[in-house]
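Take a look at the structure below.
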Amino acid sequence: MIFFVFSYNRGPHLSNCIESIEACAPGHKIVVYDDASNDPETQQVLKNIAQRHEVRTRDDKKSGDQHGALYTNMQRAIESVEEKTLICFLQDDTQLVRKIDDQDLGFLEGHFEKFPNAGFLAPVFQKKITRQRTLDRFVYYEDRGVYVCEHRSKKQVAGVYYSDISITRSDRLRSVNWKFVPGEFENEQQAKQNFLEMGYLFAPFAMWLPNPPAYRNKKKSFTFQLAEIVNKAGFYPFRVMDAVTVERLRNRAKDQVPIAEDYLTVAVDGLKSPWIYDPLRRYRLLRKLAKLEAFLKRMVIGNTTR
Numbered sequence: 129m130i131f132f133v134f135s136y137n138r139g140p141h142l143s144n145c146i147e148s149i150e151a152c153a154p155g156h157k158i159v160v161y162d163d164a165s166n167d168p169e170t171q172q173v174l175k176n177i178a179q180r181h182e183v184r185t186r187d188d189k190k191s192g193d194q195h196g197a198l199y200t201n202m203q204r205a206i207e208s209v210e211e212k213t214l215i216c217f218l219q220d221d222t223q224l225v226r227k228i229d230d231q232d233l234g235f236l237e238g239h240f241e242k243f244p245n246a247g248f249l250a251p252v253f254q255k256k257i258t259r260q261r262t263l264d265r266f267v268y269y270e271d272r273g274v275y276v277c278e279h280r281s282k283k284q285v286a287g288v289y290y291s292d293i294s295i296t297r298s299d300r301l302r303s304v305n306w307k308f309v310p311g312e313f314e315n316e317q318q319a320k321q322n323f324l325e326m327g328y329l330f331a332p333f334a335m336w337l338p339n340p341p342a343y344r345n346k347k348k349s350f351t352f353q354l355a356e357i358v359n360k361a362g363f364y365p366f367r368v369m370d371a372v373t374v375e376r377l378r379n380r381a382k383d384q385v386p387i388a389e390d391y392l393t394v395a396v397d398g399l400k401s402p403w404i405y406d407p408l409r410r411y412r413l414l415r416k417l418a419k420l421e422a423f424l425k426r427m428v429i430g431n432t433t434r
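Numbered as in this note's numbering, the sequence shown ends at 434 without a single skipped number.
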């Protein structure tokens, strides 16, 4: 399996992600795509990683979408793989949380062989902060050995057919002439047209780090910066799961969707539970303030263009 890791200006997170792959999936190829990081700490981390793995950068790109050049780099990644190969897409604020063994690899390879129209698998745990929504929507499919998100509302979402953090196979994407487009929801629609619903692994092995610092279109609004301060956004890596916890994960009842807080522990004390992954997620007042700020910016832009 090839691990493609996508990076921008989060040096400690990137280093942790790479080290987690080295520890949990030794011998597997790792390639980092960096989105022109200009943070000196991240640049040094990239230099250190380049001594052990391939690092690819692109300093001449221009992108206005929220995810920067993520999808450009994801397309470059799949086009660099010619043979039939398992691919795992990760980002710098994710990590592997347990060892990947032959049982995992056998399932992944068998899944894509058994289901020719399977496009993506999700290797992540579910979030406690959305636990009730997860319990309402996630159903275990016995014939496929995975959970599927049965999203019934008309609201546009991603995560039913596609996720940026996912496992796929290079030939499967080529078979439908897959081209990544800007936006997770847009790629969700593309996956819906071509593939089965995305399966969520019964025994996940990866997760987003909680409460990371983040950028939206490579910028941070005032409200977003305030939310990061209020929620103490920072570097909160996970401890690698021990054998007892992994056994508990694999032997649980199938109707128990795996929630991150039930199996994972953060290596830094003081992180409030349930964990959040967006600093605007915990407090409604901050979300209202963010909407107001966005509205005022649109008004200003509208007035200056008249």
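Here a beta-carbon is modelled for each residue, glycine too, at the ideal position from N, C-alpha and C.
All figures in this text were calculated on a predicted structure; none of them were measured in a lab.
- For a cut-off of 8 Å, the C-beta gap from Trp403 to Asn339 is around 7 Å, short enough to register as a contact.
- Boundaries around Thr200 are those of the alpha helix (DSSP H), 198–207, since no beta strand (DSSP E) includes it.
- In this structure, Leu224 lies away from His239, with their beta-carbon atoms at least 8 Å apart.
- Here Met326 is buried: its Cβ has 16 or more other Cβ atoms, across all protein chains shown, within 10 Å.
- Of all alpha-carbon atoms in Gln254, Leu214, Leu218, the one lying nearest the alpha-carbon of Phe235 is that of Leu214.
- Taking each of Ile149, Phe266, Arg300 in turn and checking the Cα distance to Asp229, the smallest one comes out for Ile149.
- Ser135 is bridged by DSSP to Asp162.
- If you look at Gly238, you'll find it isn't in any beta strand (DSSP E); it sits in the alpha helix (DSSP H) that goes 230–242.
- When C-alpha distances from Asn144 are compared across Ser349, Leu263, Ile177, the shortest belongs to Ile177.
- With fewer than 16 other CB atoms across the displayed protein chains lying within 10 angstroms of its CB, Pro154 is exposed.
- With a cut-off of 8 Å on Cβ pairs, the segment 244–263 is in contact with the segment 288–304, counting three or more such pairs.
- Excluding its 5 nearest sequence neighbours in each direction, Glu389 has C-beta neighbours in its own chain below 8 Å: Lys256, Ser401, Pro402, Trp403, listed in chain order.
- Separation of Gln260 and Lys175 (C-alpha to C-alpha, rounded to the nearest whole angstrom) is 43 Å.
- By the neighbour-count definition (other C-beta atoms within 10 Å, threshold 16), Glu375 is an exposed residue.
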